[in-house]
Amino acid sequence: MFGWFKRAEEPEIGVEEEVDNVERRVAPRNDTYADVVAKSNSGRFLKRGIALDLSANGARLRFENGDSLLDGMVVNISRYGVTKRGKMRWRTRTDVGVEFIETED
Numbered sequence: 003m004f005g006w007f008k009r010a011e012e013p014e015i016g017v018e019e020e021v022d023n024v025e026r027r028v029a030p031r032n033d034t035y036a037d038v039v040a041k042s043n044s045g046r047f048l049k050r051g052i053a054l055d056l057s058a059n060g061a062r063l064r065f066e067n068g069d070s071l072l073d074g075m076v077v078n079i080s081r082y083g084v085t086k087r088g089k090m091r092w093r094t095r096t097d098v099g100v101e102f103i104e105t106e107d
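Each residue of the sequence shown is one higher than the last, beginning at 3 in our numbering.
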C-alpha cells in the first residue's frame, strides 16, 4: 500500500576493492595534548581548543565547534613554542587538519 511495505532491494555484493592505506604524510605525527589558540591572519582571536597531534608540517586540532574557523589562520601551541600560519586542509564538526605554510617576508 503506497509503497510503505515494499521490501528493500538487496545490495549488490561485488568484488571487494583493495583499500588504499598508503601513508601520504611528509613528516611523522607526534601525539600531543596541548592548548591551542587559533587567530585570524590579522591577529583577531577565533577559537581556543586542543592540539591532538603535531608534525613539522601541520597539526590536528579539536575545537568545541570548528565551524567559524577560517581557511587561513595563525596557530599558537605555546607548550611546544609553535606559532605558525596554517591552511585548513580538512574539517569535521570538531576536528580540523591544518597544514603549516611558509610566510614570505
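Just so it is clear, CB atoms sit at the ideal spot from N, CA and C, and this is done for glycine as well.
Treat the numbers as computed from the prediction; the structure is a model and nothing was measured.
Practice problem: Taking 8 angstroms as the cut-off, decide whether the C-beta atoms of residue 36 and residue 64 are in contact. | Solution: no
Quiz item: Should residue 74 go down as buried or exposed, given a rule of 16 or more other Cβ atoms within 10 Å for buried?
Solution: exposed
Self-check item: CB-CB length for residue 93 against residue 43, believed under 8 angstroms
Solution: With a Cβ gap of about 18 angstroms, residue 93 and residue 43 do not count as contacting.
Self-check item: Proximity of residue 39 and residue 67 at Cβ, strictly below 8 angstroms
Solution: no
Quiz item: By a C-beta neighbour count over all protein chains shown, 10 Å radius and 16 as the cutoff for buried, is residue 46 buried or exposed?
Solution: Result: exposed.
Quiz item: With burial defined as no fewer than 16 other Cβ atoms inside 10 Å of the residue's Cβ, what is the status of residue 62: buried or exposed?
Solution: buried
Practice problem: Please report how far the alpha carbon of residue 31 lies from the alpha carbon of residue 97, in whole angstroms. | Solution: Rounded to the nearest whole angstrom, the CA to CA distance from residue 31 to residue 97 is 16 angstroms.
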